[in-house]
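Heads up, the thing below is written out as structure tokens.
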Amino acid sequence: MKTIVYQKSKGLTDAQLSYCPGCTHGIVHKLVSEALVELDVLDKAVGIASVGCSVLSYNFFNCDMVQAAHGRACAVATGIKRARPEAIVFSYQGDGDLASIGIAETIHAANRGENLTVIFINNAIYGMTGGQMAPTTLLGQKTTTSPLGRDSKLHGLPIRIAEIFSEIPRAVFVERVSVHNPRAVRNAKKAILKAFRNQIEARGFSLVEVLSTCPVNWGMTPVEALRWVEQEMMAYYPVKTFRDGDADEKA
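Numbering follows the working numbering, with no gaps: position 4 of the sequence shown is 14.
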């Protein structure tokens with residue numbers, strides 16, 4: 011008799027992931043799906059797929075999914091949550107989607123204290139469209155639109171999303187995590203579980219920023235990309251809990 015030690019989460023479909031070799035989107039998909047199953051909310055979960063590399067996430071998560079226009083994931087999520095408050099609604103967004111075209115929708119959802127869970131993937135580059143500079147691209151980092159490296163005088167500083175959202179009174183939980191090694195993956199899982207528990211308990215807006223890799227557009231091997239996250243990205247984007255408490259109604 012065989013004993014099942016490990017198997018794919020029931021929160022994922024049987025569709026083959028379409029991400030590039032070494033991309034850590036797949037790891038985050040696994041963590042989100044496991045959290046939904048462990049919290050027993052998969053059957054009432056509604057995910058919002060953003061525009062970017064994760065645009066096809068509606069094929070991978072084994073729950074109801076909605077495709078939003080570029081940057082409008084939190085606006086769509088707000089509408090669904092208000093119409094179906096019993097649903098567990100989450101958005102899954104990259105830095106090109108959330109930190110650029112969708113930053114207004116996301117900030118205002120947080121400012122209103124919408125009871126949502128936002129999973130934000132920060133890989134410091136536009137992946138799907140060919141490796142252009144993103145709002146989160148590091149100083150000196152070379153991209154197709156910053157071939158000499160990001161210059162603060164020309165392009166401004168990389169945006170620290172978690173730090174910005176931690177200053178919003180009704181954002182009850184903001185944490186930045188990484189998935190560059192097993193220990194980091196375990197910590198990321200805890201943060202994602204926390205973000206969904208907050209929604210189940212109707213505590214308000216939660217955002218988990220995940221430092222992720224893009225080996226192809228970074229011009230690195232998967233191993234080099236994981237090392238770059240630890241040595242370069244985490245130096246500018248510290249992994250920590252920025253906010254974990256009740257919404258400040260007085261502010």
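Note that CB positions come from ideal geometry on N, CA and C, so glycine has one too.
Close-in-space but distant-in-sequence residues of the same chain around residue i (CB under 8 Å, 5 per side omitted)
i: Lys-199; result: Leu-41, Glu-44 and Ala-45
i: Pro-248; result: Arg-186
i: Ala-245; result: none
i: Leu-148; result: Ala-134, Arg-160, Pro-168, Glu-242, Met-243 and Tyr-246
Best match in the options for proximity to residue i [C-alpha to C-alpha]
i: Thr-139; options: Ala-87, Thr-155, Arg-237 and Ile-131; result: Thr-155
i: Arg-170; options: Thr-146, Asp-161, Ser-19 and Ile-135; result: Thr-146
i: Val-195; options: Val-76, Val-220, Ile-113 and Ile-117; result: Val-220
i: Ile-131; options: Ala-120, Arg-122 and Ala-144; result: Ala-144
i: Ile-58; options: Ile-210, Lys-12, Asn-197 and Asp-107; result: Asp-107
i: Tyr-68; options: Gly-150, Asp-161, Gln-26 and Ala-134; result: Gln-26
i: Ser-28; options: Ser-64, Leu-148, Thr-13 and Glu-173; result: Ser-64
i: Lys-91; options: Ile-117, Gly-104, Asn-125 and Tyr-16; result: Asn-125
i: Asp-24; options: Phe-71, Leu-52 and Ile-14; result: Phe-71
i: Gly-62; options: Tyr-136, Glu-240 and Thr-231; result: Tyr-136
i: Phe-100; options: Gln-142, Ile-113, Pro-232 and Val-51; result: Val-51
7 Å CB neighbourhood of residue i in its chain, flanking five on each side removed
i: Ala-205; result: Thr-127, Phe-183, Ser-216 and Val-218
i: Ile-111; result: His-80 and Gly-81
i: Phe-175; result: Ala-120, Ala-181, Val-184 and Leu-217
First through last residue of the alpha helix (DSSP H) which encompasses residue i
i: Arg-193; result: 192-210
i: Ile-342; result: Not covered by the structure: residue 342. The range shown for the chain is 11 to 261.
i: Ala-45; result: 35-48
i: Val-249; result: From DSSP, Val-249 is part of no alpha helix (DSSP H); its letter is neither H nor E.
i: Leu-236; result: 232-238
Per DSSP, the bridge partner or partners of residue i
i: Asp-254; result: Phe-183
i: Asp-24; result: Paired residue(s): none; Asp-24 is not in a bridge.
i: Phe-130; result: Gln-103 and Glu-219
i: Arg-160; result: Leu-149
i: Ser-188; result: Leu-221
i: Met-75; result: Gly-57
Limits of the unbroken beta strand (DSSP E) element including residue i
i: Ala-55; result: 55-59
i: Val-226; result: Not the beta strand (DSSP E): Val-226 falls in the alpha helix (DSSP H), residues 225-228.
Contacts around residue i, its chain only, beta-carbon distance under 6 Å, and the 5 residues preceding and following it disregarded
i: Cys-30; result: Val-226
i: Trp-238; result: none
i: Lys-20; result: Val-47
i: Ala-55; result: Leu-46, Cys-73 and Ile-98
i: Leu-49; result: Phe-206
(request) Ignoring anything shorter than 3 residues or poking outside the segment 93-126, list the beta strand (DSSP E) runs there in chain order. (result) 98-104
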